[in-house]
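Report on one structure; see the data block that follows.
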Amino acid sequence: MSLHEFQIPVVFRHRVAFTRAAFDPGNDVLRGILRESGGGPSMVVIDEGVTRVCPALAGQVAEYVAAAGLELRGVHLLGGGEAAKADDRGVREVWRWIDEAGLDRHSQVLVIGGGAVLDAVGFAAATAHRGVRLVRLPTTTLSQADSGVGVKCAINAFGKKNWIGAFAVPHAVLNDAAFLHLQDEETRRAGLIEAVKVALVKDAVFFDWIEAHADALAALDADLLEECVQRSALLHARHIAEGGDPFENGSSRPLDFGHWAAHKLESLVGHGLSHAHAVSVGIALDSLISTHAGWCSESLTGRVLRLLATLRLPLVHPALRWTDDAGRLRVLEGIDEFRQHLGGPLTVMMLRAAGRGIDVHELDGDLVSRCVGELERRAEALMARPR
Ligand SMILES: NC(=O)c1ccc[n+]([C@@H]2O[C@H](COP(=O)([O-])OP(=O)(O)OC[C@H]3O[C@@H](n4cnc5c(N)ncnc54)[C@H](O)[C@@H]3O)[C@@H](O)[C@H]2O)c1
Ligand SMILES: [Zn+2]
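Okay, so the sequence shown: first residue is 19 according to the working numbering, each after it adds one.
This is the structure in structure tokens:
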């Protein structure tokens with residue numbers, strides 16, 4: 019018997035570019051990325067929701083790729099929103115397109131869309147031929163501020179969020195600010211929650227900045243929205259690249275602050291609750307829990323709740339109250355599901371101070387229940403205050 023151990027060092031390059039009107043013939047950014055990667059044939063998948071507000075997009079993309087001297091083997095539309103990743107149908111469709119186009123590992127799949135379409139297409143690309151290059155162009159506030167610049171992709175299964183998925187560093191990410199302003203107002207505003215999240219656990223100065231500009235951000239001031247998205251994207255990308263655990267082998271996941279409850283609420287409610295709004299409720303709840311458990315001050319939680327209300331983000335949802343046959347809150351199931359998803363002992367990020375999180379390994383169900391009640395009362399009071 020013998021055991022041999024080998025080291026396999028691998029360095030990933032994670033590129034995130036910020037631009038505007040990426041498919042304008044005069045814009046070189048995407049051309050550079052596509053050519054530099056060897057210029058293999060490409061295929062494009064676009065979120066149908068984006069083409070609805072920008073019907074000329076498919077044609078512009080085709081012209082841009084052709085003008086770059088690259089072979090384009092198809093432009094496809096995939097229905098947007100959570101339905102894209104609710105089961106494996108979207109992924110199977112993309113696999114078929116990749117196969118029919120005869121793409122290989124030197125080819126590139128360009129995906130343009132919200133977080134759900136990026137996730138489904140990303141998983142299909144990561145698994146076809148064990149990995150076809152993926153160039154992401156996120157189009158929502160949330161996906162430009164968070165998911166699109168990450169290194170994960172997933173679809174839902176067994177009634178659980180993101181159960182099937184992979185870690186796969188995209189070939190490049192292009193945040194095109196022009197897409198932000200095409201979204202409806204609610205989606206444009208809602209995605210700011212991931213900026214609030216990353217600020218709360220990573221960057222007190224950024225949190226102060228969001229707070230100071232909350233009214234203007236709520237009013238969707240274009241420059242501030244873009245700045246907020248960019249700062250959030252860079253904080254996420256930096257944490258992934260420099261935080262020491264890009265593929266989440268450990269148990270701590272600072273970027274998932276507020277997410278144990280959010281993911282459970284999303285599964286409980288189904289398509290009636292967006293990820294962004296679920297995270298907002300999760301952050302409100304975890305901030306309150308952090309105060310009552312003695313981890314952070316009441317004044318910080320007060321600031322968080324006021325900020326979310328100013329940004330017109332929800333603090334509560336009726337599903338927080340849903341119970342099982344034994345009368346236990348269903349949302350508490352999210353704690354164990356969160357632990358299972360990560361493996362190892364339960365580790366949940368809670369708040370210590372503005373810009374600083376704390377990993378905790380136990381969450382008391384009774385405390386969570388009490389906080390749900392208090393959150394409902396405080397949310398009502400905040401919503402009733404004059405604007
Ligand atoms: N992989 C990760 O690391 C990660 C991280 C965070 C979130 N996520 C996932 O991201 C998903 C949420 O993504 P989202 O918030 O971007 O929402 P979404 O993808 O569900 O899109 C929301 C809606 O906006 C439409 N849309 C997209 N871009 C548009 C634009 N520019 N103009 C008009 N309409 C547009 C879509 O068609 C859809 O109807 C969730 O499934 C969540 O789990 C993944
Ligand atoms: Zn999230």
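Just so you know, even glycine gets a beta-carbon here, dropped at the ideal spot from N, CA and C.
Under 8 Å between the Cβ atoms of residue i and residue j?
i: Leu238; j: Arg324; result: no
i: Leu369; j: Ser308; result: yes
i: Phe406; j: Tyr82; result: Residue 406 lies beyond the stretch modelled for the chain, which goes from 19 to 405, so this question has no answer here.
i: Ser285; j: Lys179; result: yes
i: Gly132; j: Ala186; result: no
i: Ala214; j: Pro188; result: Per the sequence presented here, residue 214 reads as Val, with Ala not at that position. No, the pair does not count as a contact, with Cβ atoms beyond the cut-off.
i: Ala190; j: Asp137; result: no
i: Ala102; j: Ala134; result: yes
i: Val349; j: Leu242; result: no
i: Leu306; j: Glu392; result: yes
i: Pro59; j: Ser125; result: yes
In angstroms with no decimal places, state the Cα-to-Cα distance between residue i and residue j.
i: Ile130; j: Met19; result: 51 Å
i: Gln162; j: Ala195; result: 9 Å
i: Glu54; j: Leu121; result: 18 Å
i: Ala85; j: Gln78; result: 10 Å
i: Asp342; j: His293; result: 23 Å
i: Leu338; j: Arg256; result: 33 Å
i: Ile258; j: Ser250; result: 12 Å
i: Ala184; j: His231; result: 36 Å
i: Pro406; j: Gly67; result: Any property of residue 406 remains undetermined from this structure, which presents the chain solely from 19 to 405.
i: Gly352; j: Gly383; result: 11 Å
Looking at ligand 2, does it come within less than 7 Å of residue i, judged from the CB to the closest heavy atom?
i: Val297; result: yes
i: His277; result: yes
i: Glu212; result: yes
i: Asp239; result: no
i: Asp164; result: yes
With burial defined as no fewer than 16 other Cβ atoms inside 10 Å of the residue's Cβ, what is the status of residue i: buried or exposed?
i: Arg395; result: exposed
i: Phe224; result: buried
i: Gln25; result: exposed
i: Val71; result: exposed
i: Gln358; result: exposed
i: Gly403; result: Looking at the sequence shown, residue 403 is not Gly but Arg. Arg403 comes out exposed.
i: Asn193; result: buried
i: His379; result: exposed
i: Ala240; result: exposed
i: Pro43; result: exposed
i: Gly98; result: buried
For ligand 1, I want to know if residue i counts as a neighbour, meaning its beta carbon is within less than 7 Å of at least one of the ligand's heavy atoms.
i: Thr158; result: yes
i: Glu100; result: yes
i: His3; result: What the structure shows of the chain is the stretch from 19 to 405, and residue 3 is not part of that stretch, so it cannot be assessed.
i: Ala134; result: yes
List the whole-angstrom C-beta distance separating residue i from residue j, where the pair is believed to meet the contact cut-off of C-beta under 8 Å.
i: Leu347; j: Val299; result: About 13 Å; that fails the 8 Å criterion.
i: His147; j: Arg123; result: 5 Å
i: Ile116; j: Ala142; result: 7 Å
i: Leu329; j: Ala236; result: 5 Å
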